[in-house]
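Colleague:
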């Protein structure tokens, strides 16, 4: 996860976009890492926020790419940028890098409402997938402030009625993270517009069969 080979693998297998997690190092460099520490993937119980980009590269043998490297490696492809635990400094750094790489037209951002409000402030034109963790709809005043294109739900929350309601409000539905074929088929039947998965081959096969039978 969150490595350059994983990005190339997903795109090579037919993913319409790749989802990455971006955090800042101690010296303010955006890098790809889901967790707040290096322990789970790299065996070092060191908080990323206390490490420089150079130290991270050394501890992981270059396995944790910078956001700049990820933007270059995915040139021409869609990126879903998750911002776990981001503050305003991190949001500004990530949004700034997206624009420096000319990637604003292929990047979209996901996280909870507070983070997405910061993204909206940093980039009035940003495409946003606001993560929503309840079946109750977000308040209209929040939707007006964030101006999301997508609402991003954990797959277990998604029903046909929910999809209909979100679509009626002019938004798209994204569901995460569906890794069984049964769940993928159920989400497609219920009307989602995007599915986040670790099993690209399985989802592409289902979509191909579904399109051919339509």
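In the UniProt record's numbering, the protein residues as written are 1 to 214.
Just so you know, even glycine gets a beta-carbon here, dropped at the ideal spot from N, CA and C.
1. Taking its Cβ as the centre, do 16 or more other Cβ atoms sit within 10 Å of residue 150, making it buried, or is it exposed?
2. Kindly provide the ranges of any beta strand (DSSP E) runs that are 3 or more residues long and lie completely inside the region 100-140, ordered along the chain.
3. So what does residue 80 bridge to, in DSSP terms?
4. Rounding to the nearest angstrom, what Cα-Cα distance links residue 18 and residue 78 in this structure?
5. Measure the Cβ-Cβ separation of residue 171 and residue 148 and say whether it is below 8 Å.
6. For residue 59, which residues of its own chain have a beta-carbon under 8 Å away from its beta-carbon, when the five flanking residues on both sides are left out?
7. Along the chain, where does the alpha helix (DSSP H) containing residue 87 start, and where does it finish?
8. Under the assumption that residue 63 contacts residue 3 (Cβ atoms under 8 Å), give the Cβ distance between them as a whole number of angstroms.
9. What number of angstroms, rounded off, separates the C-alpha of residue 85 from the C-alpha of residue 120?
10. Rounded to whole angstroms, what's the CA-CA distance from residue 209 to residue 9? Just pull it up for me.
11. 8 Å is my cut-off, CB to CB: does residue 40 come that close to chain B?
12. Counting Cβ pairs closer than 8 Å, one from the region 197-208 and one from the region 121-136, do we hit at least three?
13. Residue 70: which of 88, 185, 11 sits nearest, CA to CA?
14. Shortest alpha-carbon distance to residue 109 belongs to which of 183, 129, 178?
15. Among 195, 95, 92, whose alpha-carbon lies nearest the alpha-carbon of residue 16?
16. Quick check: what's the CA-CA separation for residue 36 versus residue 111?
17. Whole angstroms is fine: what's the gap from residue 123's alpha carbon to residue 29's?
18. Do residue 22 and residue 83 have their C-beta atoms closer together than 8 Å?
Modeller: To lay it out plainly:
1. Translated into positions along the chain shown, residue 150 becomes position 150. The residue is buried, with at least 16 neighbouring Cβ atoms inside 10 Å.
2. Taking 3 residues as the minimum length, the beta strand (DSSP E) runs contained wholly in the region 100-140 are 107-111, 127-131, in order along the chain.
3. Translated into positions along the chain shown, residue 80 becomes position 80. Answer by DSSP bridge pairing, in chain order: 19, 108.
4. Start at 1 with the first residue of the chain shown, and residue 18 comes out as number 18. Start at 1 with the first residue of the chain shown, and residue 78 comes out as number 78. Between residue 18 and residue 78, the C-alpha separation is close to 7 Å.
5. Along the chain shown, read from residue 1 onward, the residue named residue 171 stands at position 171. Along the chain shown, read from residue 1 onward, the residue named residue 148 stands at position 148. Cβ distance < 8 Å, so residue 171 and residue 148 count as in contact.
6. Within the chain shown, residue 59 is the residue found at index 59, counting from 1. Excluding positions up to five away in sequence, the list reads 38, 42, 44, 46, 51.
7. Position 87 of the chain shown, counted from the first residue, corresponds to residue 87. Run containing residue 87: none; DSSP gives neither H nor E here.
8. Mapped onto the chain shown, residue 63 falls at position 63. Mapped onto the chain shown, residue 3 falls at position 3. Correct: roughly 6 Å between the Cβ atoms.
9. Looking up residue 85 in the chain shown gives position 85. Looking up residue 120 in the chain shown gives position 120. Distance between the alpha carbons of residue 85 and residue 120: 16 Å.
10. Numbered from 1 along the chain shown, position 209 holds the residue referred to as residue 209. Numbered from 1 along the chain shown, position 9 holds the residue referred to as residue 9. Going from the Cα of residue 209 to the Cα of residue 9 covers about 22 Å.
11. You won't find chain B in this structure, because it holds only one protein chain.
12. no
13. Position 70 of the chain shown holds residue 70. Of the listed residues, the one whose Cα sits closest to residue 70 is 11.
14. Within the chain shown, residue 109 is the residue found at index 109, counting from 1. Ranking the options by Cα distance to residue 109, first place goes to 129.
15. The count along the chain shown starts at 1 and reaches residue 16 at position 16. Of 195, 95, 92, the residue nearest in Cα terms is 195.
16. The residue given as residue 36 occupies position 36 in the chain shown. The residue given as residue 111 occupies position 111 in the chain shown. Straight-line measurement puts the Cα of residue 111 at about 15 Å from the Cα of residue 36.
17. Numbered from its first residue, the chain shown carries residue 123 at position 123. Numbered from its first residue, the chain shown carries residue 29 at position 29. If you take the alpha carbons of residue 123 and residue 29, they lie about 19 Å apart.
18. By 1-based counting over the chain shown, the position of residue 22 is 22. By 1-based counting over the chain shown, the position of residue 83 is 83. The answer is yes: Cβ separation under 8 Å.
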